[in-house]
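K.L.:
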Amino acid sequence: MNIPVEYFLVLSTLLFFIGVYGFIVRKNLIGILMSIELVLNAVNINFVVFNRFLFPDKLEGFIYGLFVIIVAAAETAVAIAIIINVYRNMKNIDVNSIKELKN
Amino acid sequence: MDLFSANNIIFFLLATIILVFGFLSVTTTKILRAATYLFFVLFAIAGLYLFLSYEFLAAVQLSVYAGGIVVLFVFAILLVKNLGEETEKVSFQKKLVGGIAAFAGVVVTLITAFNYGFILNETADEAVESVNMQAVGNALMGVEKYQYLLPFEASSILLLACIIGSVVVAQKNKEEKR
């Protein structure tokens, strides 16, 4: 492993802000959720890389990455259930046309 | 440092795949294509975990993200109307604002990261051995220091709550149908 740790940080930073850009630009609820997945994956890369390069005999970043994946799966399932419910009620999943919480 | 060593080629290939498909998945106008590009990104990130010799994490990434979440996305896209034809026109002003925000964030984060001065562990430079599965099991199934039984059990309760919650949220409202 002769790749400097900064290269991995550049990769995860760029991926994180690609996700942020998508979060700002997208109008579709599912597209916004995909951007959140990109952000979560960038953070996960950081956890794993710090674990590997700074503390290779410990497992803390590894376990954190595992729990981030678990929580992301749960979050996506609930968010998609909410999106389907929103679509059923308003026939639309554009964030600009969803203006009321109660229907 | 040899520029064309196997490590470098693998790393830059994976990084290129991640960045290019990540950018495509937030800029494409067809939402089903965005899900496909997201799948490629998650796959390449699993490859990155393999590259860092965390095999178990790569397997979890493949089975949960690529196998579960992307399928969930595709189902959700197919359940809502006008799939594939989603031509959401993004205004230039919004693109500009998003680009400036993202660029500023990249600059600030990279300056911080390069000035931090990480104290690297010397053993990391040697041949990387993969994580012993027994060590992972011991870390997940104990209550001592550096062991994580409590978050493990809490995540199982979280998953149960999410199953119940998503069923309740997504089921059809019976009073409305009458």
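In order, the protein sequences belong to chains A and B. Heads up, the first sequence is in this note's numbering, so the first residue is 19 and it goes up one at a time. Heads up, the second sequence is in this note's numbering, so the first residue is 7 and it goes up one at a time. Glycine residues also receive a C-beta, built at the ideal position from the N, C-alpha and C atoms.
Kindly indicate if chain A contains any beta-carbon less than 9 Å away from that of B:L156.
P.N.:
No, B:L156 lies away from the interface with chain A (no Cβ there is under 9 Å from its Cβ).
K.L.:
Are the CB atoms of B:V112 and A:G40 within a distance shorter than 9 Å?
P.N.:
The answer is no: Cβ separation not under 9 Å.
K.L.:
Starting from the beta carbon of B:K100, find every residue of chain A whose beta carbon is closer than 8 Å, and list them in chain order.
P.N.:
Going along chain A in sequence order, the residues near B:K100 (Cβ under 8 Å) are I42, V43.
K.L.:
What three-state label does DSSP hand B:N121 in the structure shown?
P.N.:
Looking at B:N121 - three-state DSSP - the assignment turns out to be helix.
K.L.:
I need the DSSP call for B:N13, collapsed to helix, strand or coil.
P.N.:
B:N13 falls in the helix class under three-state DSSP.
K.L.:
Could you tell me whether the segment 37–45 of chain B touches the segment 63–71 of chain A, where touching means 3 or more Cβ pairs closer than 8 Å?
P.N.:
No, they do not touch.
K.L.:
Do you know how far the Cα of B:Q99 is from the Cα of B:I75?
P.N.:
Their Cα atoms are separated by approximately 32 Å.
K.L.:
Does the separation of the CB atoms of B:L165 and A:A99 fall below 9 Å?
P.N.:
In this structure, A:A99 does not lie closer than 9 Å to B:L165 by Cβ.
K.L.:
Please list, in chain order, all residues of the same chain as B:V137 whose beta carbon is under 8 Å from its beta carbon, the five residues on each side excluded.
P.N.:
So the qualifying residues of the chain are S59, Y60, E61, F62.
K.L.:
Go through its chain and collect everything with a Cβ distance to A:F65's Cβ below 6 Å, but skip five positions before and after it.
P.N.:
Same-chain partners within the cutoff: G79, Y82, G83.
K.L.:
With distances taken between CB atoms, is the gap from B:L19 to B:F49 smaller than 9 Å?
P.N.:
Cβ atoms of B:L19 and B:F49: not closer than 9 Å.
K.L.:
Cβ of A:I98 less than 9 Å from any chain B Cβ?
P.N.:
Cβ-Cβ to chain B under 9 Å: yes for A:I98.
K.L.:
Give me the residue from B:V114, B:L30, B:Y71, B:T35 with the minimum Cα distance to A:N62.
P.N.:
Cα-wise, what sits closest to A:N62 is B:Y71.
K.L.:
Can you pull the chain A neighbours of B:S5, defined as C-beta to C-beta under 7 Å?
P.N.:
Residue 5 of chain B is absent from the model: chain B starts at 7 and stops at 184.
K.L.:
For B:Q67, go through chain A and note every residue whose CB falls closer than 7 Å to its CB, in chain order.
P.N.:
Per Cβ cutoff of 7 Å: I87.
K.L.:
Along the chain, where does the alpha helix (DSSP H) containing B:S161 start, and where does it finish?
P.N.:
155–176 is the extent of the alpha helix (DSSP H) around B:S161.
K.L.:
Which residues bound the alpha helix (DSSP H) around A:R44?
P.N.:
Unbroken run through A:R44: none, as it is neither H nor E.
K.L.:
Starting from the Cα of A:L32, find the closest Cα among B:L116, B:L85, B:G104 and give me that residue.
P.N.:
Minimum Cα distance to A:L32 is reached at B:L116.
K.L.:
Output needed for B:R184: all residues of its chain with C-beta closer than 7 Å, excluding positions within five of it in sequence on either side, in chain order.
P.N.:
The predicted model places B:R184 with a pLDDT of 47, which falls under 50 and marks its position as unreliable, so this point remains unresolved.
K.L.:
Spell out the partners DSSP gives A:D131 in its beta bridges.
P.N.:
Outside the shown range of chain A (19 to 121) lies residue 131 of chain A, about which nothing can therefore be said.
K.L.:
Please tell me whether A:V118 has its Cβ less than 9 Å away from any Cβ of chain B.
P.N.:
Per the sequence shown, residue 118 of chain A should be read as Glu rather than Val. Chain B, which has no Cβ nearer than 9 Å to the Cβ of A:E118, makes this no.
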